[in-house]
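See structure below.
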């Protein structure tokens, strides 16, 4: 019973961590149709922001503020100087963002070196939940993820700015003819997606090994999640991360990491074969 | 200065193409003008150039003394030009209400809400305000597209073939309603239309377009009822 509860909490923890990373991807990929190969590096930069804050002996919490702001600025610049020139060439967006990904990763290696850095756990005290002892910081991550997901949903589906953003995605020319500044919406959406990746990196840093390769580890399951869940809605991201997160945690705690990888990829292939647009996508 | 004018406007979809081949055209405030011509003569291209979706290669567009030549679409919209494009281009996934809200939120000077009158002009929109717009009939979608443009409080409204693919009773309803709105508010309308009945019932004046030029003008549009030769020349295949 206690084991089941721990596996359950681990599943929820991994799923919500994955959701935290996937949120920005789904905003940029699902809503703007740009495959952002640099998303993992946005995550990486968020984690290194946490590292720098720790080196500067500033309080842990300030990194949760600095990381999204820094990444919003970086996202804004990348959109302005690179992405906007290739919006209409889908394949080129992959190449361009892959180039950015390489450049950012190498820049991190040049500045911080290739070795891994460790971040102090700001909430080292374990917490008792439903009779089992669980790391407090992992619960904190789960909370942040839920807050971000809810906030993103409310922003896109309950505010006028969110409506305008979805309108630009649905019909760019018409939205512009109604007076909506579509370039502003593009920039803001991309910067928002980058900021959430930065926040994810900063929040996850204390439980990960912070090194220049850390972005890739989350990028693949995050992409799988949106392909499985469907790219057109935030609900798809929730569903996709749920499936990928749950299957991979349960299988890896019963068998091993390797079996989990095989099972997760197999499951993703089957789902994408049956639902090419993802579980929430509409058939064309 | 006239309310709206196009001077020697040349534009096309590719660099060398001249779909619009030197358009000279004026609109006075408050008038309703029908732009008539066969398919492929450049009517929609003219509207797309006014609204900033196509950049003209030469010529000039002036609206209320402001140069809007090659201005971005959202700037043109904010200057006060409302656009109801061919095919209506409503947001299918949005509700009727959200579609109307889209008409308001792009305009910084307007409150971010739908004015009450928006639901009184075509009552069917009030009945279906929560319904997904993609499920409306063609005629209802057309009505929605028109009100969506009006919610942005334009002073010039561009209507591209509002009768296309719509049952005659709704076409007539749209015609009389628009005439009434224009009479009450002083709205200027440029109507692109192949349906003569609608054009005659709504417009005061009409201009004929051929091969990217305005080639003829009729001051009193009701003359078209009796001038079969003119109609035949510019409309029939």
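Protein chains in written order, with the numbering used here: chain A, 5 to 288; chain B, 68 to 304. The beta-carbon is built from N, C-alpha and C at its ideal position, and this holds for glycine as well. Since we're looking at a predicted model, the values are computed, not measured.
Nearest-angstrom Cα distance between residue i and residue j?
i, j, result
"residue 249 (chain A)", "residue 260 (chain A)", "15 Å"
"residue 158 (chain B)", "residue 82 (chain A)", "29 Å"
"residue 89 (chain A)", "residue 127 (chain A)", "44 Å"
"residue 214 (chain A)", "residue 25 (chain A)", "15 Å"
"residue 97 (chain A)", "residue 103 (chain A)", "10 Å"
"residue 192 (chain B)", "residue 124 (chain A)", "58 Å"
"residue 298 (chain B)", "residue 279 (chain B)", "18 Å"
"residue 87 (chain A)", "residue 101 (chain A)", "8 Å"
"residue 35 (chain A)", "residue 235 (chain A)", "8 Å"
"residue 154 (chain B)", "residue 59 (chain A)", "59 Å"
"residue 256 (chain A)", "residue 241 (chain A)", "22 Å"
"residue 208 (chain A)", "residue 51 (chain A)", "7 Å"
"residue 18 (chain A)", "residue 202 (chain B)", "40 Å"
"residue 47 (chain A)", "residue 283 (chain A)", "26 Å"
"residue 184 (chain B)", "residue 133 (chain B)", "30 Å"
"residue 204 (chain A)", "residue 252 (chain A)", "20 Å"
"residue 135 (chain A)", "residue 6 (chain A)", "8 Å"
"residue 213 (chain B)", "residue 151 (chain B)", "6 Å"
"residue 149 (chain A)", "residue 21 (chain A)", "7 Å"
"residue 287 (chain A)", "residue 281 (chain A)", "With a pLDDT of 49 at residue 287 (chain A), under the threshold of 50, the modelled position of this residue cannot be trusted; read the value that follows with caution. Distance between the alpha carbons of residue 287 (chain A) and residue 281 (chain A) is about 7 Å."
"residue 71 (chain B)", "residue 219 (chain A)", "55 Å"
Let me know the secondary structure DSSP gives residue i once reduced to three states.
i, result
"residue 121 (chain A)", "strand"
"residue 139 (chain A)", "strand"
"residue 296 (chain B)", "helix"
"residue 268 (chain B)", "helix"
"residue 150 (chain B)", "strand"
"residue 62 (chain A)", "coil"
"residue 3 (chain A)", "Chain A is shown from 5 up to 288; residue 3 (chain A) falls before or after that span and cannot be answered."
"residue 145 (chain B)", "helix"
"residue 108 (chain B)", "coil"
"residue 78 (chain B)", "strand"
"residue 70 (chain B)", "coil"
"residue 159 (chain B)", "coil"
"residue 167 (chain A)", "helix"
"residue 36 (chain A)", "helix"
"residue 277 (chain B)", "strand"
"residue 45 (chain A)", "helix"
"residue 258 (chain A)", "helix"
"residue 233 (chain B)", "coil"
"residue 98 (chain B)", "coil"
"residue 196 (chain A)", "helix"
"residue 253 (chain A)", "helix"
"residue 236 (chain A)", "coil"
So, does the CB of residue i fall closer than 8 Å to a CB anywhere in chain A?
i, result
"residue 165 (chain B)", "yes"
"residue 82 (chain B)", "no"
"residue 262 (chain B)", "no"
"residue 118 (chain B)", "yes"
"residue 158 (chain B)", "yes"
"residue 172 (chain B)", "yes"
Counting only beta-carbon separations shorter than 8 Å, does residue i have a partner in chain B?
i, result
"residue 174 (chain A)", "yes"
"residue 171 (chain A)", "yes"
"residue 178 (chain A)", "yes"
"residue 185 (chain A)", "yes"
"residue 164 (chain A)", "yes"
"residue 168 (chain A)", "yes"
Within the same chain, show all residues whose beta-carbon is closer than 6 Å to that of residue i, passing over the 5 residues directly before and after it, in chain order.
i, result
"residue 228 (chain A)", "248, 272"
"residue 160 (chain B)", "none"
"residue 137 (chain A)", "130"
"residue 40 (chain A)", "32, 101"
"residue 70 (chain A)", "53"
"residue 237 (chain A)", "284"
"residue 92 (chain B)", "73, 281"
Looking only at its own chain, which residues have a Cβ that is under 7 Å from the Cβ of residue i, when we skip the five neighbours before and after it?
i, result
"residue 206 (chain B)", "233, 234, 237"
"residue 242 (chain B)", "265, 268, 269"
"residue 277 (chain B)", "104, 108, 301"
"residue 98 (chain B)", "255, 271, 272"
"residue 112 (chain B)", "78, 86, 87, 121"
"residue 168 (chain B)", "181"
Can you pull the chain E residues whose beta carbon is under 9 Å from the beta carbon of residue i, in chain order?
i, result
"residue 152 (chain B)", "In the structure shown, chain E does not exist; the protein chains are A and B."
Say the cut is 7 Å; is the CB of residue i nearer than that to a heavy atom of the ligand NAP?
i, result
"residue 249 (chain A)", "Ligands displayed in this structure: none; no statement on the ligand NAP is therefore possible."
Going along the chain, which residues of its own chain have a beta-carbon closer than 8 Å to the beta-carbon of residue i, five neighbours each way excluded?
i, result
"residue 122 (chain A)", "213, 214"
message = Taking 8 Å as the cut-off, does the stretch 78-94 of chain B touch the stretch 257-275 of chain A (at least 3 CB pairs, one atom from each stretch)?
response = no
task = Evaluate the contact criterion for the stretch 56-75 of chain A versus the stretch 221-236 of chain A: three or more CB pairs, one atom per stretch, below 8 Å.
result = Contact between the stretch 56-75 of chain A and the stretch 221-236 of chain A is absent, because fewer than three Cβ pairs lie under 8 Å.
ask   = Counting pairs of Cβ atoms below 8 Å between the stretch 134-148 of chain B and the stretch 216-227 of chain B, do you hit three or more?
value = yes
ask   = Would you say the stretch 164-183 of chain B touches the stretch 166-185 of chain A, given that touching needs at least three Cβ pairs under 8 Å?
value = yes
ask   = Should the stretch 188-203 of chain A be called in touch with the stretch 68-80 of chain A, which here means at least 3 C-beta pairs below 8 Å?
value = Using a C-beta cut-off of 8 Å, the stretch 188-203 of chain A makes contact with the stretch 68-80 of chain A, since at least three inter-stretch Cβ pairs fall below that distance.
ask   = Would you call the stretch 268-286 of chain B and the stretch 117-133 of chain B touching, i.e. three or more CB-CB distances under 8 Å?
value = no
inquiry  = Within 8 Å, do at least three Cβ pairs link the stretch 118-135 of chain B to the stretch 143-158 of chain A?
reply    = no
request  = Assess, as a yes-or-no matter, whether the stretch 159-171 of chain A is touched by the stretch 97-106 of chain B under the definition of 3 or more beta carbon pairs within less than 8 Å.
outcome  = These segments do not touch.
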